[in-house]
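A.B. asks:
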DNA sequence: CAAGTTTTGCATGAATTGTGCATGAAAAGC
DNA sequence: GCTTTTCATGCACAATTCATGCAAAACTTG
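Residue numbers (full-length UniProt numbering), protein chains in the order written: chain A, 1 to 153; chain D, 1 to 153.
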């Protein structure tokens with residue numbers, strides 16, 4: 001699918017505010033509301049827009065602590081890749097998980113209530129996992145930027 | 001603000017799909033549409049719902065490569081914390097940036113078109129920055145999980 | 001330059017939202 | 001223990017918003 005300047009502007013606006021009405025969108029991108037409706041539908045159909053989400057405030061839901069954890073699996077754990085994926089899937093504290101190239105095998109983005117919950121997660125969930133051989137973590141002190149999406153520009 | 005089970009269910013549903021109509025929401029959480037409207041408004045007013053965003057498909061927008069970069073600033077750079085924040089702000093490749101406790105000073109979540117663009121970012125943008133003393137990066141091979149938000153459960 | 005295709009704005013019927021109002025249940029006060 | 005107050009809820013309706021048909025404008029292609 002080809003994207004013109006209107007589409008880019010439209011995506012950009014919708015990423016900032018997904019609840020914009022077509023009329024509001026129309027003002028931003030200088031098109032009629034009906035065109036915005038059509039283009040939006042097309043972008044959804046093409047899968048460029050995967051969907052819409054409410055952005056929730058972590059602090060107000062009691063998630064005060066965020067950490068980035070680098071994980072190495074044990075060498076013979078190669079065959080158990082699926083097991084670690086299942087571990088990730090079954091722990092809601094893990095918000096994002098990536099397999100990576102570099103020093104680490106996996107990087108996890110973890111959110112918990114507080115330091116106590118973090119210690120609990122580390123010592124009762126992650127470290128006892130026999131596949132895990134090494135864990136190094138960094139606790140987020142301050143968020144400078146957190147665009148949850150992708151820059152359409 | 002106190003959140004009851006209805007609110008939690010509502011937040012959960014809206015995080016999965018922020019474009020749910022109040023009527024659809026009503027079916028999910030077993031309330032009337034008008035109640036969903038009222039509760040939603042209250043949650044927005046209280047800041048629990050910060051807003052809504054379109055989820056965009058990175059690949060279809062030409063962002064094929066994602067990397068997690070750990071950055072250390074030069075020791076005397078303490079005073080220039082604001083400068084690094086400005087650096088982060090002015091580079092759209094940097095999607096998220098956190099100051100962290102641990103080995104690194106900052107962790108960046110970076111998205112670029114391909115390896116070439118990544119090399120360009122590293123060697124032409126990040127490393128020439130005089131505040132930056134050390135950089136270690138991991139390139140994302142596979143995304144196991146990427147919940148952009150917070151579990152309201 | 002002409003025929004065909006695509007994009008656009010407008011108008012309209014359908015769907016959605018949000019507010020007033022009445023009801024009932026729980027909390028507070030006496 | 002009984003009354004009063006408060007609050008959450010569902011229903012109905014007015015106002016807003018959406019999405020499709022249609023014709024004109026703009027852009028392609030041979």
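For each residue, glycine too, the CB sits at the ideal point set by N, CA and C.
Which stretch, first to last residue, makes up the beta strand (DSSP E) that contains residue 66(D)?
C.D. replies: Segment 65-73, the beta strand (DSSP E) holding residue 66(D).
A.B. asks: Mark residue 18(D) as exposed unless 16 or more other C-beta atoms lie within 10 angstroms of its C-beta, in which case mark it buried.
C.D. replies: Buried, by the Cβ-count rule.
A.B. asks: Which residues, taken in chain order from the stretch 53-67 of chain D, show a beta carbon closer than 7 Å to some beta carbon of chain A?
C.D. replies: So the list reads 53, 54, 55, 56, 57, 58, 60, 61 and 63, given in the order they occur along the chain.
A.B. asks: Residue 14(A) to residue 147(A), Cα distance in whole Å?
C.D. replies: Spanning the two alpha carbons is a distance of roughly 13 Å.
A.B. asks: Against residue 24(D), what residues of chain A qualify as contacts under a CB-to-CB distance less than 7 Å, listed in chain order?
C.D. replies: Those do not exist, as residue 24(D) stays about 13 Å from chain A at its closest Cβ, beyond 7 Å.
A.B. asks: Answer with yes or no whether the minimum CB distance from residue 21(A) to chain D is below 7 Å.
C.D. replies: No, no contact with chain D.
A.B. asks: Per DSSP, which one or two residues make a beta bridge with residue 143(A)?
C.D. replies: Answer is 98(D).
A.B. asks: Taking the beta carbon of residue 152(A) as the centre, do at least 16 other beta carbons fall within 10 Å, making it buried, or is it exposed?
C.D. replies: Buried: at least 16 other Cβ atoms inside 10 Å.
A.B. asks: Closest Cβ-Cβ distance between residue 141(A) and chain D: below 7 Å?
C.D. replies: It does: the Cβ of residue 141(A) has a partner Cβ on chain D nearer than 7 Å.
A.B. asks: Report the residue from 4(A), 142(A), 144(A) and 122(A) whose alpha carbon sits nearest the alpha carbon of residue 70(A).
C.D. replies: The candidate whose alpha carbon is nearest that of residue 70(A) is 122(A).
A.B. asks: Using alpha carbons as the reference points, say which of 150(D), 143(D) and 149(D) lies closest to residue 64(D).
C.D. replies: Considering only alpha carbons, the answer is 143(D).
A.B. asks: Please work out which residues of its chain come closer than 7 Å, Cβ to Cβ, to residue 7(A), disregarding the five sequence neighbours upstream and downstream, and give them in chain order.
C.D. replies: Excluding residues within five positions, the ones whose Cβ falls inside 7 Å are 39 and 43.
A.B. asks: What is the rounded straight-line gap between the Cα of residue 56(D) and the Cα of residue 20(D)?
C.D. replies: Spanning the two alpha carbons is a distance of roughly 17 Å.
A.B. asks: Considering Cα atoms alone, identify which of 141(D), 112(D) and 36(D) is closest to residue 97(A).
C.D. replies: Among 141(D), 112(D) and 36(D), the Cα nearest to that of residue 97(A) belongs to 141(D).
A.B. asks: With C-beta atoms as the reference, is residue 131(D) less than 7 Å away from residue 53(D)?
C.D. replies: No, they are not a contact pair.
A.B. asks: In chain order, what are the residue ranges of uninterrupted alpha helix (DSSP H) at least 4 long that sit wholly in the UniProt domain "HTH asnC-type" (3-64) of chain A?
C.D. replies: Counting only runs of 4 or more, we get 5-16, 22-29 and 33-45.
A.B. asks: Which term fits residue 101(D), buried or exposed, when burial requires 16 or more other beta carbons within 10 angstroms of its beta carbon?
C.D. replies: Burial call: exposed.
A.B. asks: Whose C-alpha, out of 27(D), 106(D) and 120(D), is nearest the C-alpha of residue 133(D)?
C.D. replies: For the residues 27(D), 106(D) and 120(D), the minimum Cα distance to residue 133(D) belongs to 106(D).
A.B. asks: Compile a chain-ordered list of the residues in the stretch 80-94 of chain A whose CB is closer than 9 Å to at least one CB of chain D.
C.D. replies: For the stretch 80-94 of chain A, which is checked against every Cβ of chain D, the residues closer than 9 Å are 84, 85, 88, 89, 92, 93 and 94.
A.B. asks: Looking at the structure shown, is residue 134(D) part of a helix, part of a strand, or coil, going by DSSP?
C.D. replies: Correct three-state label for residue 134(D): strand.
A.B. asks: Anything in the stretch 106-121 of chain A with a Cβ closer than 8 Å to a Cβ of chain D? List those residues in chain order, please.
C.D. replies: Hits within the stretch, in order: 106, 107 and 111.
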